[in-house]
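Have a look at the structure below, then the notes.
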Amino acid sequence: MTTINNETSSDEGLIAARKAAIPNKVKERILRGELAHSFSIKLVKSVEIIHYAAAAGYDVVLIDLEHSSFGLETTNQLSCAALQVGVTPIVRVPANTSDWISRALDGGAAAVIVPHVNSVAEAENVVRYAKFAPLGERSATSGMPILKYASVPSKYANPVPNEATLVIVMIETERALEIADDIAAVPGVDIVLIGSSDLTSDMGIPGDYDHQRLTDAYAKVSAAYKKASIDGRVVTLGIGGLNPRPDLIEKFATLHSNARYAMSGADNSIMLNGMKAGAAKCKAITEKVASL
């Protein structure tokens, strides 16, 4: 296990800690102006799903605790498995509380998504639990998976995970949409993710993803985050809830240069679609044989 001691100079210590940190591929893609895609896991609990995602070509997975029965033990095992094979793990927690946010990050997540953020205070709360001082109040710990379990003094271990960890908050109501500028301005927020399914439901147009009101919502949020991206800070627009509509993911990413993260695919829907296709072929063969 790598050890960085307190006698190391500040510059050397930070360099060593950064070298220990596992790269966050979402952040790397965003900084290159590329669109980062994540594959959602909400059904398969075994670590093999991580290897399947990697073999399929995904380099980011989203472990979804909001819409699954997973607990933190399963989540942390999946996160650590992802880090070991070069896949960046994101965890969507079910609640805006320290026991979910900080423990998911301690267990290996490189980013945390918090749903249903409807106020500046709630966005600030996410940062408080996800970031170490001086940005937040996350409790210091040692042997973090994201630092390859290296023993790193707090003066180095706190700033480096702060750099490597992404804070993602979700806008899913018209109330949150109205204050998009204020949410984007919260220091420590990296990505604001539009939950298209819940937002259209709140708008009274559930699932009508082609509606102009949703297009306008993306434009409003994009403008807010461009305004917040100043003095070297980058606030990214996230595209969520459009897994079955890759055409709309492409549309919003093309329209908005700061829309550089998308939830793109999930284990339950991909498995169901694959099984439906297989069953349809079986049915076609059965009917053909029966007609002989």
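Quick note, the sequence shown lines up with residues 1 to 292 if you use full-length UniProt numbering.
The beta carbon of each residue, even a glycine, is placed where N, CA and C say it ideally should be.
Whole-angstrom distance between residue j and residue i, CA atom to CA atom
i, j, result
"Lys42", "Ala95", "16 Å"
"Thr254", "Val289", "48 Å"
"Asn74", "Glu48", "The sequence given here has Thr at residue 74, not Asn. Distance between the alpha carbons of Thr74 and Glu48 is about 12 Å."
"His131", "Ile30", "Position check: residue 131 holds Lys in this sequence, whereas His was assumed. Approximately 20 Å between the Cα atoms of the pair."
"Ala280", "Asp267", "20 Å"
"Ser142", "Val192", "29 Å"
"Gly33", "Ala284", "45 Å"
"Arg92", "His256", "24 Å"
"Glu7", "Ser102", "In this prediction, Glu7 has a pLDDT of 49, which is less than 50 and means its spatial position is unreliable; what the coordinates show is noted afterwards. Rounded to the nearest angstrom, the two C-alpha atoms are 29 Å apart."
"Gly240", "Pro153", "37 Å"
"Pro23", "Ala111", "12 Å"
"Gly195", "Pro244", "14 Å"
"Ala21", "Thr286", "55 Å"
"Asp99", "Cys282", "47 Å"
"Glu137", "Ala55", "37 Å"
"Arg128", "Thr165", "13 Å"
"Lys276", "Ile50", "23 Å"
"Gly86", "Thr97", "28 Å"
"Glu122", "Phe252", "26 Å"
"Asn144", "Ser46", "Looking at the sequence itself, residue 144 is Met, so the reference to Asn does not match. Computed Cα separation, rounded: 22 Å."
"Ser269", "Pro246", "14 Å"
"His67", "Asn125", "22 Å"
"Ala224", "Asp181", "5 Å"
Where residue i sits in the DSSP three-state scheme
i, result
"Glu195", "Sequence inspection shows Gly at residue 195; the Glu mentioned does not correspond to that position. Looking at Gly195 - three-state DSSP - the assignment turns out to be strand."
"residue 293", "Because the chain here runs from 1 to 292, residue 293 falls outside it and cannot be looked at."
"Ile15", "helix"
"Thr97", "coil"
"Asp106", "helix"
"His67", "coil"
"His37", "strand"
"Ala81", "helix"
"Arg128", "helix"
"Leu292", "coil"
"Ala277", "helix"
"Met1", "Only weak support is given to the placement of Met1: the predicted model assigns it a pLDDT of 47, under 50, and the value that follows is read from those uncertain coordinates. Met1: coil per DSSP, three-state reduction."
"Ala20", "helix"
"Ala140", "coil"
"Ala111", "strand"
"Glu287", "helix"
"Leu135", "coil"
"Val26", "helix"
"Val117", "coil"
Integer-rounded CB distance, given that residue j should sit under 8 Å from residue i
i, j, result
"Glu174", "Asp198", "About 11 Å separates the two Cβ atoms, so there is no contact after all."
"Ala17", "Val160", "4 Å"
"Ala133", "Ala184", "Wrong, their Cβ atoms sit about 23 Å apart, outside the cutoff."
"Val186", "Val120", "6 Å"
"Asn258", "Ser291", "That pair is no contact at about 56 Å."
"Asp59", "Lys25", "5 Å"
"Val235", "Val189", "7 Å"
"Ser38", "Met263", "6 Å"
"Ser40", "Leu72", "At roughly 18 Å, the Cβ-Cβ gap does not stay under 8 Å, so Ser40 and Leu72 are not in contact."
"Leu248", "Tyr156", "Actually they are not in contact, since the Cβ atoms of Leu248 and Tyr156 sit about 42 Å apart, beyond 8 Å."
"Ala36", "Tyr261", "5 Å"
| So does the segment 102–110 actually touch the segment 75–93, counting three or more Cβ pairs closer than 8 Å? | yes
| Inter-stretch contact (C-beta, 8 Å, three-pair minimum) for the segment 135–153 and the segment 211–218 | no
| Within the chosen definition, does the segment 113–132 reach the segment 171–190 through at least 3 CB pairs nearer than 8 Å? | yes
| query | Which parts of the segment 201–273 are runs of the alpha helix (DSSP H), unbroken and 4 residues or longer, counting only runs that do not cross its ends? | reply | List check, alpha helix (DSSP H) in window: 212–228, 246–255.
| Which runs of the beta strand (DSSP E) fall wholly inside the segment 144–189 and span at least 3 residues, in chain order? | 166–171
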